[in-house]
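Undergrad:
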Amino acid sequence: MTQALRPGGRLLIESADSRLQPLACPDETGPAQKLANRIRQACWTLQARRTDLGYGRTLTRRLRDADLVDVQAEACFSLAGHAEVRFERTMIERARERLIASGMVTAEELEQHLANVDAGRLDLTAFPVVSAWGRKARC
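Per our numbering, residue 5 is the first one in the sequence shown, and the count goes up by one each step.
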């Protein structure tokens with residue numbers, strides 16, 4: 005991508021980095037939040053076998069290594085919204101069988117967690133997204 009840039013051209017890349025903020029509920033105030041965080045950790049453990057959960061933090065280095073200048077980045081994650089509820093439910097449904105088979109979570113715990121999610125009792129987070137950008141030098 006950097007080779008396609010003209011001098012002075014800019015490149016923006018975004019990637020997730022769930023290791024920057026690995027909790028489902030940063031405000032762990034009770035059993036429902038503790039269960040959510042334990043389940044999220046189990047999900048990340050399974051996912052880490054297939055992908056680099058900390059890739060986002062490498063973007064600035066990668067952009068500098070590609071000879072871009074004025075490299076900067078920011079990371080953000082959302083908290084307590086409808087999108088986070090949909091993300092949580094989707095992640096759990098997709099990983100349900102693997103989570104149970106792993107022994108890290110029981111089917112009953114997953115059902116309780118999804119009931120907590122549906123009841124709106126949790127301030128859930130989505131994974132952090134890192135946005136990194138840089139510019140190709142003018143000469």
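Glycine included, each C-beta is placed from N, C-alpha and C at the ideal position.
Using the DSSP secondary-structure output, state which residues sit across from residue 137 in a beta bridge.
TA: DSSP lists 16 and 76 as partners of residue 137.
Undergrad: Determine the direct distance from the alpha carbon of residue 39 to that of residue 85, and round the result to whole angstroms.
TA: If I take the Cα positions, the gap works out to 19 Å.
Undergrad: Terminal residues of the continuous alpha helix (DSSP H) containing residue 36?
TA: 35-52 is the extent of the alpha helix (DSSP H) around residue 36.
Undergrad: Output needed for residue 75: all residues of its chain with C-beta closer than 6 Å, excluding positions within five of it in sequence on either side, in chain order.
TA: Contacts found: 64, 67, 68 and 138.
Undergrad: Sort 55, 47, 9 and 16 by Cα distance to residue 103 and report the nearest one.
TA: Here the closest residue by C-alpha is 47.
Undergrad: Tell me whether the beta-carbon of residue 33 lies closer than 8 Å to the beta-carbon of residue 81.
TA: The answer is no: Cβ separation not under 8 Å.
Undergrad: Out of 141, 58, 135 and 142, point me to the one whose CA is closest to residue 17's CA.
TA: Closest option to residue 17, Cα to Cα, is 135.
Undergrad: So residue 143 packs on residue 11, CB below 8 Å; how close in whole Å?
TA: Right, the Cβ-Cβ distance comes to about 6 Å (below 8 Å), so this counts as a contact.
Undergrad: Could you round the C-beta distance between residue 89 and residue 20 to whole angstroms and report it? I think they count as a contact, below 8 Å.
TA: Between residue 20 and residue 89 the Cβ distance is about 18 Å, and since that is not below 8 Å, they are no contact.
Undergrad: So residue 62 is in the alpha helix (DSSP H); what residue range does that whole segment cover?
TA: Segment: none, residue 62 is in no alpha helix (DSSP H) and carries neither H nor E.
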